[in-house]
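Student: Mind looking over this structure? Questions follow.
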Amino acid sequence: MAPPPQSDEIVLACRDVELAFGGLRALKGLGFDIARGEIFGLVGPNGSGKTSMVNVVTGFYRAQSGTVHLFGEDVTRLKPHRIAGRGVARTFQNLALFRGMTVLDNILLGRHVHMRAGALPSLFYWVWALRHEVAHRRAVEELIDFMQLQDIRDEPVEVIPLGLQKRVELARALAADPRLLILDEPMAGMNQEEKEYIARFILDAREERNTTVLLIEHHMDVVTSICDRVMVLSYGESIAQGRPAEAIADPRVVKAYLGERAAARHKGVAA
Amino acid sequence: MLYRRAGIRHTSYPKERQLWPLPFDRYLVTAVALFLLAAPFLVDRLYLVAYLLPWIIWSMAALGLNLLMGGAGQIHLAYGAVMAIGAYTSVHLVRAGVPFEFALVAAGLMSAAIGMIFGVAALRVKALYLAMSTLAMQYIVDFVISHSPAISGGTQATIQVPPVSFLGIALEGDLPMYYFALAVCVVVTLFMLNVQRTAFGRALAAVREKDYAAEVIGVDTFKYKLLAFWTSSFIGGVVGAVLVVSYLRSVSPDQFHIELSVQIVAMVIVGGLGSVLGSFFGAALILFTPIVLNNLVGALASGLGIAMSADLRAHIPLMLYGAMIVGFLVLEPLGLAKIYDNVRNYFLVWPFRHARR
């Protein structure tokens, strides 16, 4: 097993990650590196282990073997909030916003890792918490402008449409000023226009906020147009890695998505 | 109409996040505060001591429990026991000659410490199981207090509270007692209001709503649940001390049984989970409705000349009281605070029926 690279250019390094639920092997020795500033796509058919991989990285699942290094530091056994504290933010496939709270409060919560959140600042609000709260409010308002959420900031999150909820969740993740942003299907259920918005936000987040992005996505048009590299999973194994267009054209990938016969036909068409 | 929002513009974040952004709310709060300050000179002594004072104290207790139940979403059926720990701690310290200022803080710390021991055990479990384990705390604390002569002075014993002074003011007579309870209540209320607009309250709400999502944004859910238990128990201990010093004047184990815990849980739920205003509403409803109904039924029975047997006369108010609680919760499951909020929202957009929130 090769030691993970120590260069600080590597944001996330996974090595031989094995994860099994009982007899089901969800991840079979996966390994990949993500370099700083990259948009790395994780694609594959349903049940291929994309979300499981992300859950291992963010500490929700504990891999049976293998290591996860974040900025050169071993985080394999850390709890999710500790990993969040090291600059990782993520969104969920099924939204995980806090119901009953406004859009603004949800995004403010995204800044939790940067805030003093004890009980005493609440007791001495005017001398202890006011300036702190306002400073973070400024940061959040900048983000609200960036994500174009101005007119809904005071709405409770459960009343706004799904597309906007997804955008709020992305804003909450960005509020933490993450060094690694993990997006689990940020465009699921969106129309073309909304998809383009989100794609633009992801690209802007990288440009303006120096974020590295790990993106799980099913829309191949998005993957090929914004990802720098992709890894294709099938049944917990990596079947292709590399530039998006090349990886997706790989015969094994076509087979995993479309099946043996369709792949043969595809080859015939291509030839 | 009264609450109109039109034309009110906030130009800074502190202004927008102030406690009562609408002028009418501020006038209302000022009016209530002035009334409470002037109450000893406005209302009869009987009303002051028998109604206002317990209302203030029970509201504080409801506020403390609301932090845990409404804020962090953890049910707690042993708040009476938490208050008992604070009450006995303060009384024993005062009798040992410790200044009351310190005894008050020590009461909070002791409740917080013991509350947290049970909290750690209880936090491994959720919802109904948590209810059961806090119920166990109630019975264990009850048992330990009443069976340790060192604490309770014996099973049937009552310990008198010696005269105390707070910050140089002797707490003797109705006036100082009332103002003392009011002052503590103001501190607790402001704390609770501030919790809702600071990172602490948001973190608790995150734990309450979705613990995995809270983890992923960096909230240590276990730590914040414990912190909620700690803070809530601290308030409970302080309220227990205030209760015995300024209202009960003596302390005995039977004052803090499960009935008290259930009463406070009822105040929180009827008032509105997570609502500061609701805690006051809930305390008022649970404390005073039985008395009011009792008088009402009595007046009706004698006024209309209805012959009524003594036990029917005693039970009708209780039945009405139960029906009222059910009725309010059917009308608005989110509690009295939500009913108030509905009325307020109606006036916010009056004369139109619908508008953005």
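Keeping their order, the protein sequence lines are chains A and B.
Using the working numbering, the first residue of the first sequence is number 300, and each one after it goes up by one.
Using the working numbering, the first residue of the second sequence is number 9, and each one after it goes up by one.
Glycine included, every Cβ here is placed at the ideal spot set by N, Cα and C.
Taking the alpha-carbon positions, what's the A/Tyr496 to A/Asn405 distance?
Tutor: If you take the alpha carbons of A/Tyr496 and A/Asn405, they lie about 20 Å apart.
Student: Just to confirm the assignment: which complete alpha helix (DSSP H) runs, minimum length 4, are found wholly within the segment 368 to 431 of chain A?
Tutor: You should have 379 to 384, 402 to 409 and 419 to 422.
Student: Pair every Cβ in the segment 324 to 331 of chain B with every Cβ in the segment 291 to 310 of chain B, then say whether three or more of these pairs are closer than 8 Å.
Tutor: Yes, since at least three Cβ pairs between the segment 324 to 331 of chain B and the segment 291 to 310 of chain B fall closer than 8 Å, the two stretches touch.
Student: Give the residues of chain A in contact with B/Leu356, contact being defined as C-beta atoms less than 8 Å apart.
Tutor: Within 8 Å Cβ-Cβ: nothing; B/Leu356 doesn't reach chain A, min ~13 Å.
Student: Quick check on DSSP: helix, strand or coil for A/Ala362?
Tutor: It is coil, neither helix nor strand.
Student: Within the 8 Å Cβ cut-off, does A/Asp404 reach chain B?
Tutor: True, the Cβ-Cβ gap to chain B drops below 8 Å.
Student: Fully enclosed by the segment 484 to 538 of chain A, which alpha helix (DSSP H) runs are 4 residues long or longer?
Tutor: As far as the segment 484 to 538 of chain A is concerned, its whole alpha helix (DSSP H) runs of at least 4 residues are 491 to 508 and 519 to 525.
Student: Using a C-beta to C-beta distance shorter than 7 Å, which residues of chain B count as neighbours of A/Pro379?
Tutor: Residues of chain B passing the Cβ test: Glu223 and Val224.
Student: Give every residue of the same chain whose Cβ lies closer than 7 Å to the Cβ of A/Pro344, excluding the five residues on either side of it in the sequence, and list them in chain order.
Tutor: Counting only Cβ-Cβ distances below 7 Å, and skipping sequence neighbours, we find Ser533, Ala555 and Tyr556.
Student: Assuming B/Ala189 contacts B/Ile64 under a Cβ cut-off of 8 Å, what Cβ separation, rounded to an integer in Å, is found between them?
Tutor: With 8 Å as the limit, B/Ala189 and B/Ile64 qualify as a contact, their Cβ atoms being about 5 Å apart.
Student: With H, G and I counted as helix, E and B as strand and the rest as coil, what does DSSP make of A/Ala319?
Tutor: Here A/Ala319 sits in strand by DSSP.
Student: Out of B/Arg321, B/Arg210, B/Val195 and B/Gln146, point me to the one whose CA is closest to B/Ile266's CA.
Tutor: Per the Cα distances, B/Gln146.
Student: Would you verify that the beta carbon of A/Thr511 is, or is not, closer than 8 Å to some beta carbon of chain B?
Tutor: Not an interface residue.
Student: Indicate the three-state DSSP secondary structure (helix, strand or coil) for A/Val342 in the structure shown.
Tutor: Reduced to three states, the DSSP call for A/Val342 is strand.
Student: Need the endpoints of the alpha helix (DSSP H) that B/Val246 sits in, please.
Tutor: It spans Thr229 to Val250 - the alpha helix (DSSP H) in which B/Val246 sits, taken as one unbroken run.
Student: Using a Cβ-Cβ cutoff of less than 6 Å, which residues in the same chain neighbour A/Pro303 once the five nearest sequence positions on both sides are dropped?
Tutor: Annotation note: pLDDT 41 at A/Pro303 (below 50); position unreliable, coordinate value reported separately. Excluding positions up to five away in sequence, the list reads Ala312, Arg314 and His368.
Student: Quick one: is A/Tyr360 near chain B, going by C-beta distance under 8 Å?
Tutor: No, its Cβ sits nowhere closer than 8 Å to a Cβ of chain B.
Student: So with Cβ pairs under 8 Å, would you call A/Met414 a contact of chain B?
Tutor: Yes, contact with chain B.
Student: What does DSSP give as the partner residues of B/Val259 in its beta bridges?
Tutor: Its beta-bridge partners are B/Ile167.
Student: Excluding five sequence neighbours on each side, which residues of the same chain lie with their C-beta closer than 6 Å to the C-beta of A/Ala301?
Tutor: Only weak support is given to the placement of A/Ala301: the predicted model assigns it a pLDDT of 40, under 50, and the value that follows is read from those uncertain coordinates. Excluding sequence neighbours, A/Ala301 sits near nothing in its chain.
Student: Thinking C-beta only, is B/Ala86 closer than 8 Å to B/Ala291?
Tutor: Against a cut-off of 8 Å, the Cβ pair of B/Ala86 and B/Ala291 comes out as no contact.
Student: Would you say A/Met486 reaches chain B, if we count a Cβ-Cβ gap shorter than 8 Å as a contact?
Tutor: With 8 Å as the cut-off, A/Met486 does not count as an interface residue toward chain B.
Student: Under a three-way DSSP split, which group does A/Gln540 fall into?
Tutor: Strand.
Student: What alpha helix (DSSP H) runs, 4 residues minimum, are completely inside the segment 136 to 180 of chain B?
Tutor: Taking only runs of at least 4 residues, the alpha helix (DSSP H) segments lying wholly in the segment 136 to 180 of chain B are 157 to 160.
Student: Answer yes or no: does any C-beta atom of chain A fall closer than 8 Å to that of B/Gly209?
Tutor: With 8 Å as the cut-off, B/Gly209 counts as an interface residue toward chain A.
Student: Leaving out the 5 sequence neighbours to the left and right, which residues in its chain are closer than 6 Å to B/Tyr35 when beta-carbon positions are compared?
Tutor: Once the five neighbours on either side are set aside, B/Tyr35 has no close Cβ partner at all.
Student: If you compare alpha carbons, which of A/Arg324, A/Asn490 and A/Ala539 is closest to A/Asp520?
Tutor: Checked all of A/Arg324, A/Asn490 and A/Ala539; the closest Cα to A/Asp520 is A/Asn490.
Student: Report the residue from B/Gly79, B/Leu293, B/Ser310 and B/Val351 whose alpha carbon sits nearest the alpha carbon of B/Gly335.
Tutor: When each option's Cα is compared against that of B/Gly335, the closest is B/Leu293.
Student: Smallest Cα separation from A/His518: which of A/Val310, A/Val342, A/Leu329 and A/Gly321?
Tutor: Ranking the options by Cα distance to A/His518, first place goes to A/Val342.
Student: Which residue from A/Val552, A/His431, A/Tyr424 and A/Cys526 puts its Cα closest to that of B/Phe199?
Tutor: Of A/Val552, A/His431, A/Tyr424 and A/Cys526, the residue nearest in Cα terms is A/Tyr424.
Student: May I ask you to list the residues that DSSP assigns as paired with B/Pro341?
Tutor: Per DSSP, none; premise fails for B/Pro341.
Student: A/Arg478 CB to nearest chain B CB: under 8 Å?
Tutor: Not an interface residue.
Student: Using the Cα positions of B/Tyr255 and B/Leu56, report the straight-line distance between them to the nearest angstrom.
Tutor: Approximately 11 Å between the Cα atoms of the pair.
Student: Along the chain, where does the alpha helix (DSSP H) containing B/Val40 start, and where does it finish?
Tutor: Per DSSP, B/Val40 belongs to the alpha helix (DSSP H) from Pro31 to Leu50.
Student: By DSSP, does A/Arg564 sit in helix, in strand, or in coil?
Tutor: Of the three classes helix, strand and coil, the one that applies to A/Arg564 here is helix, per DSSP.
Student: Alpha carbon to alpha carbon, how far is B/Ser258 from B/Tyr96?
Tutor: Between B/Ser258 and B/Tyr96, the C-alpha separation is close to 10 Å.
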